[in-house]
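Chemist:
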Amino acid sequence: MELSMDKGNQFVAETQTPEGAETWKKQLDEFAPGSSDWVVGAVFGGTYQREGLELRDRQMLNMAALAAMGGVEPQLTGHIKTAVDVAGMSKEEVAECFVHLMPYIGVPKTLAAMRCMKAAFGD
Numbered sequence: 680m681e682l683s684m685d686k687g688n689q690f691v692a693e694t695q696t697p698e699g700a701e702t703w704k705k706q707l708d709e710f711a712p713g714s715s716d717w718v719v720g721a722v723f724g725g726t727y728q729r730e731g732l733e734l735r736d737r738q739m740l741n742m743a744a745l746a747a748m749g750g751v752e753p754q755l756t757g758h759i760k761t762a763v764d765v766a767g768m769s770k771e772e773v774a775e776c777f778v779h780l781m782p783y784i785g786v787p788k789t790l791a792a793m794r795c796m797k798a799a800f801g802d
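Everything in the sequence shown is counted per the working numbering, starting at 680 for the first residue and increasing by one.
#1: List the whole-angstrom C-beta distance separating L734 from V765, where the pair is believed to meet the contact cut-off of C-beta under 8 Å.
#2: May I ask you to report which of helix, strand or coil DSSP gives L790?
#3: Considering only their Cβ atoms, is the gap separating T761 from Q728 smaller than 8 Å?
#4: Alpha carbon to alpha carbon, what distance is there between G720 and D708?
#5: Could you give the first and the last residue of the continuous alpha helix (DSSP H) run that contains P712?
#6: Go through its chain and collect everything with a Cβ distance to T756's Cβ below 7 Å, but skip five positions before and after it.
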């Protein structure tokens, strides 16, 4: 698998707000300088560049994993926004993802995911 800082930076620019990207990069680099470069190059410039899944599918997987984990509301909120604003999902489809997960992750984590939807869209 090829890793590319250029492709990673391009992906970040296309899918995240400058403020959002700056926030997570600063958090990572505060105690581990340069660690955000790994995320940009390996994740956004590597894993996300692989063939076989569309961005919509990747966002669905990300949302499911983050909702199941719990305690990662800022990241889940960001992926919900990307799913709708960039990857072409509707708000209704995102909500259905969380409803589908409910028997697997439980009602409390599903409610937390729905609160992330509210935070993402202010609805």
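Note that beta-carbon positions come from the ideal geometry of N, C-alpha and C, so glycine has one too. Computed from a predicted structure; not experimentally measured.
Modeler: This is what the structure gives:
#1: In the sequence shown, the residue the question calls residue 734 occupies position 55. In the sequence shown, the residue the question calls residue 765 occupies position 86. Contact between L734 and V765 holds, with the beta-carbon distance rounding to 7 Å and staying under 8 Å.
#2: Here residue 790 refers to the residue found at position 111 when the sequence shown is read from its first residue. Three-state result, L790: helix.
#3: Translated into positions along the sequence shown, residue 728 becomes position 49. Translated into positions along the sequence shown, residue 761 becomes position 82. For Q728 and T761, no; Cβs fall outside 8 Å.
#4: Working through the sequence shown from its first residue, we reach residue 708 at position 29. Working through the sequence shown from its first residue, we reach residue 720 at position 41. Going by C-alpha positions, D708 is about 15 Å away from G720.
#5: Residue numbering aside, residue 712 sits at position 33 when the sequence shown is read from its first letter. From DSSP, P712 is part of no alpha helix (DSSP H); its letter is neither H nor E.
#6: Counting from 1 along the sequence shown, the entry for residue 756 is found at position 77. For T756, where only same-chain residues beyond five positions count, the Cβ hits under 7 Å are C795, A798 and A799.
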